[in-house]
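So the structure is just underneath, and the comments pick up after that.
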Amino acid sequence: MRQWLRYKSAWLLGVSLLLALVLSSCAFPGLTTTSATLPQVSQQPTKTELPPIRFPRDEGAHNDLTEWWYYTGHMQATDVAGKQHTYGFELVFFQALRSNLPAVYPAHFAISDITRREFHYDQQRITQFAASPSDGLSTQGINTHVGDWSVQGLNGKDHLVASMQNYAIDLNLTGLKAPTLHNGNGLITYGLGGFSYYYSRTRMQVAGTLLDHNQSLKVTGTAWMDHQWGNFLTLGGGGWDWYSIQLNNKTEIMLYFIRDASGKTISTYIGYTDTDGKAYMLPEQSLKSTVLAKWTSPTTGITYPSGWRIDVQDPRLQTTLTIKPLLKNQELVVKNSTGNTYWEGAVSIDGQHKGQPVAGEGYVELTGYTK
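Numbered per mature numbering (1 follows the signal peptide of the UniProt record, and there is no 0), the sequence shown spans residues -27 to -1, 1 to 344.
What follows is the structure in structure tokens.
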């Protein structure tokens, strides 16, 4: 009995220490969002002895320090009265493994109700011993649950379930293109910080149901999915701006800017996926970004950029885009799960692509902004 009590005390202490680290935004920003790792990358694919990404085995969980599956998207519906509804959504699952301590699984769910001009979100976190992650040996795909929220999927066919007060989703997502491997081979390394595998499904078809204030609606739309994992720990300071852009000419762009603690941009990434699903990494000097407006949160007092002009001039991508939030307030204060505050929201896009008018939709994530 005493032996068991000593073990239990040590276990509880370990859990407490782990949760304290997880809830510290400066200790594990890698738990905050997909783009939390957003490392500085070279303009050439990383040369490494690590095994390459293989599908479907790498869709599921791994025995690495940090991992997440991150979904954002836009949906439309028509109710029984013929009224049109438009929504954005975010659903993300994190997994953190540390030594022989219980695994920590935070999750965030958000709905941008564009029709009502309202933003709602919820958070969950569970702590338990890991359920035998595959470490890339399984072909069973994704099967992750946090409370009654879940994602299951295989070969780019994913099923998402989540609910909160007044909203619930039950969605089927189907990848319309092959996964985009970032940095050329889907592997990003940053020295002593570790390594990260990173791929995106840049265009997924959405179909399913949304429960909106007890009204069940059939929804359709388009989603973006990020999956990132590896033995990495990123430490605090600075932040990033991350953009997923889906244009109506069937191309996609992923951008991010990393800032150091002084606010200086220290790394820029530009990924472009063409109509055939071929992915390109473009030189950072081809990109110019201008902030068009700002917004100050009435909840936290934090001021965020709130509108952008993006100009990319490269032989493979010549585009000028104006990006605007569909709602000003899409801020998540998630101290009880990942211990941080960030802005992530649905945006509209219009501009020109190779001299032709273009429009689109996307998501923007803003972290590291303080009062």
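Even for Gly, the Cβ is constructed at its ideal location relative to N, Cα and C.
Looking only at its own chain, which residues have a Cβ that is under 6 Å from the Cβ of residue i, when we skip the five neighbours before and after it?
i       : result
Asn139  : His186
Asp287  : Leu255, Ser259
Leu339  : Asp214, Tyr277, Trp316
Thr117  : Phe66, Val124
Leu183  : Ile142, Leu190, Val192
Asn221  : Ala332, Gly333
Leu127  : Pro29, Gly114
Gly61   : His47, Ser85, Ala319
Gly148  : Gly129, Arg174, Met177
Asn73   : none
Arg98   : Pro79, Ser310
Thr238  : Phe230, Arg232
Glu32   : Gly114, Ile115
Leu(-5) : In this predicted model, Leu(-5) has a pLDDT of only 38, less than 50, meaning its place in the structure is not dependable; the value taken from the coordinates is given anyway. So the list reads Gly312, once near-sequence residues are dropped.
Pro152  : Tyr172, Arg174
Thr246  : Thr153, Thr175, Glu225, Ala252
Thr6    : Because Thr6 sits at a pLDDT of 40, beneath the cut-off of 50, its placement in the model cannot be relied upon, and the point is left open.
Leu144  : Leu133, Val179, Gly181
Ile283  : Ser262, Leu294
Could you check which residue in the options has the C-alpha nearest to that of residue i?
i      : options                        : result
Asp134 : Glu91, Gly324, Val119          : With the sequence shown as reference, residue 134 is identified as Val, and Asp is not the correct amino acid for it. Of Glu91, Gly324, Val119, the residue nearest in Cα terms is Val119.
Val192 : Gly181, Gln96, Asp199          : Gly181
Phe28  : Thr241, Leu154, Ile243         : Leu154
His93  : Asn302, Asn313, Thr311         : Asn302
Val285 : Gly244, Asp121, Ala76          : Gly244
Leu290 : Lys297, Val264, Gly274, Glu257 : Glu257
Thr314 : Ile296, Pro298, Ser270, Asp323 : Ser270
Trp122 : Glu63, Thr162, Lys150          : Glu63
Quick one: residues in its chain with C-beta nearer than 7 Å to the C-beta of residue i, no 5 flanking neighbours on either side, listed in chain order?
i      : result
Thr272 : Glu304, Val306
Gln325 : Thr292, Thr293, Val331
Gln188 : Asp52
Ala234 : Gly210, Gly211
Ala137 : Note that residue 137 is Met in the sequence shown, not Ala. Only Phe82, His93, Asp95 meet the Cβ criterion.
Thr88  : His58, Thr59
Ser15  : In this predicted model, Ser15 has a pLDDT of only 49, less than 50, meaning its place in the structure is not dependable; the value taken from the coordinates is given anyway. If we look at Ser15 and ignore the five residues flanking it on each side, it has no Cβ neighbours.
Lys297 : Gly280, Val320, Ser321
Just to confirm the assignment, what range does the beta strand (DSSP E) spanning residue i have?
i      : result
Pro278 : 276 to 278
Asn145 : 140 to 148
Asp247 : First-last for Asp247: undefined, no H or E at that position.
Tyr170 : 168 to 185
Ser321 : 313 to 326
Leu339 : 329 to 340
His200 : 188 to 203
Gln286 : 281 to 287
Glu304 : 304 to 307
Asp37  : Unbroken run through Asp37: none, as it is neither H nor E.
Ser270 : First-last for Ser270: undefined, no H or E at that position.
Gln291 : 290 to 298
Lys261 : 260 to 264
Thr162 : 160 to 162
His132 : 130 to 137
Ala252 : 252 to 255
Near residue i, what residues of its chain come up, given a Cβ to Cβ distance below 8 Å and the 5 sequence neighbours on each side ignored?
i      : result
Thr195 : Gly46, His47, Arg176, Met177, Gln178, Val179, Gln219, Glu334
Lys267 : Thr276, Tyr277, Pro278, Ser279
Please tell me whether, using a cut-off of 7 Å, the distance from the CB of residue i to the nearest non-hydrogen atom of the ligand HEM is below it.
i      : result
Leu305 : Summarising the ligand content, the structure contains no ligands, and the ligand HEM is consequently not present.
Tell me the start and end of each unbroken beta strand (DSSP E) in the region 50 to 127 that is at least 3 residues and wholly inside, in chain order. 57 to 69, 76 to 86, 91 to 101, 115 to 119, 122 to 127
Complete runs of the beta strand (DSSP E) confined to the region 215 to 245 [at least 3 residues]: 225 to 232
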